[in-house]
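Residue numbers (this note's numbering): 128 to 425.
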């Protein structure tokens, strides 16, 4: 493990998702300890997308903007909202120069799959329809997310492809949750790694799927055909159960003719970029922003 990360391990919650509501509260406390960068030029607005019960979004708008991204927060499908994601969305908008549309999608187990994907789809359509108001060209829109949000973003790209739109220019997938089967080497070997254990991964998928069978729109690693998807940046952490399914997905994208940048961060663990004092975390966050800027410019 990276020497700058190891001293912070005692401060990471050890929950195993037996109590999703309690875990939400723990994540909210942890998120509040991370200061958002002070970016006076960034315009921040809250909106509600008129779909289903209404989807809360927080829009971070640099002026001028290089494009936009529909961004899905992490939280094992059961935690997180636009408040917990505020520091990270601010970082991403500042580093990329893109409009970041942070989505407060519905959470499991109260609202299992496909609620979160439906919410993300509604926001994508809303963003494209309102691009001129939000300050970006509709042809320059990406999808992305961290952890569970990265998996939802990958599923959103699959669904948009299969429904012939909206057109997505780029995918930004940071340590995404892609495969419910937990059969890869890293899923079997990293049973007690910091923040994300094998038991926690398994519980998150059970909450997310509920009584439904997993399909490619729930677990994108199950997709048989990855051709025709947008170019992607896939980032993995060395000591993360999701690592190998993410690497495998990136390789399958490449073999399907999709342009991919794959970045494996040595010595890191799932979510360790929250330790902002570590040099590797600073590089991870800067690279996410740079990758998004490149993807929207391409």
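C-beta: ideal position from N, C-alpha, C; glycine also.
Query                                                                                                                                                                     : Result
Which residue from 309, 233, 355 and 367 puts its Cα closest to that of residue 297?                                                                                      : 355
Can you say whether residue 424 is buried or exposed, counting buried as having 16 or more other CB atoms within 10 angstroms of its CB?                                  : exposed
Are residue 175 and residue 183 close, meaning C-beta to C-beta below 9 angstroms?                                                                                        : yes
What's the C-alpha gap between residue 367 and residue 194?                                                                                                               : 31 angstroms
From the DSSP output, which residues share a beta bridge with residue 298?                                                                                                : 270 and 359
Straight-line CA distance for residue 242 to residue 344?                                                                                                                 : 11 angstroms
Would you identify the three-state DSSP class for residue 395, choosing helix, strand or coil?                                                                            : strand
Would the stretch 307-316 count as touching the stretch 365-381 if we require 3 or more Cβ pairs under 8 angstroms?                                                       : yes
If you measure between the beta carbons of residue 236 and residue 284, is that distance less than 9 angstroms?                                                           : no
In whole angstroms, what is the alpha-carbon distance linking residue 92 and residue 287?                                                                                 : Outside the shown range of the chain, which is 128 to 425, sits residue 92, and nothing can be said about it.
Expressed to the nearest angstrom, what Euclidean distance is found between the alpha-carbon atoms of residue 191 and residue 262?                                        : 8 angstroms
Can you give the beta carbon distance from residue 150 to residue 144, rounded, assuming they're within the 8 angstroms contact cut?                                      : 6 angstroms
Compare the Cα-Cα distances from residue 376 to each of 254, 187 and 277 and report the closest residue.                                                                  : 277
Quick check: what's the CA-CA separation for residue 255 versus residue 213?                                                                                              : 22 angstroms
Counting C-beta neighbours from all protein chains within 10 Å, is the total for residue 267 16 or more, i.e. buried, or is it exposed?                                   : buried
Can you name the start and end residues of the alpha helix (DSSP H) that residue 328 belongs to?                                                                          : 325-336
In the DSSP output, which residue or residues are listed as bridge partners for residue 173?                                                                              : 185
Could you pull out every residue in the same chain whose Cβ sits closer than 8 angstroms to the Cβ of residue 342, ignoring the five residues on either side in sequence? : 349
Return the CA-CA distance between residue 252 and residue 258, expressed in angstroms with no decimal places.                                                             : 10 angstroms
Using the Cα positions of residue 137 and residue 325, report the straight-line distance between them to the nearest angstrom.                                            : 19 angstroms
Taking residue 281 and residue 347 to be in contact with their CB atoms under 8 angstroms, please state how far apart those CB atoms are, rounded to whole angstroms.     : 4 angstroms
What are the start and end residues of the beta strand (DSSP E) that includes residue 199?                                                                                : 195-199
Since residue 228 is in the alpha helix (DSSP H), which residue starts that stretch and which ends it?                                                                    : Here residue 228 belongs to no alpha helix (DSSP H); instead the beta strand (DSSP E) covers 226-230.
Are residue 335 and residue 205 close, meaning C-beta to C-beta below 9 angstroms?                                                                                        : yes
So residue 302 and residue 329 are supposed to be a Cβ contact under 8 angstroms. How far apart are they, rounded?                                                        : In fact, because the Cβ distance is near 17 angstroms, the residues do not count as touching under 8 angstroms.
For a quick check, are the C-beta atoms of residue 374 and residue 392 less than 9 angstroms apart?                                                                       : no
Got a sec? Which residues, its chain only, sit under 8 angstroms from residue 417 by beta carbon, not counting five neighbours each side?                                 : 222 and 223
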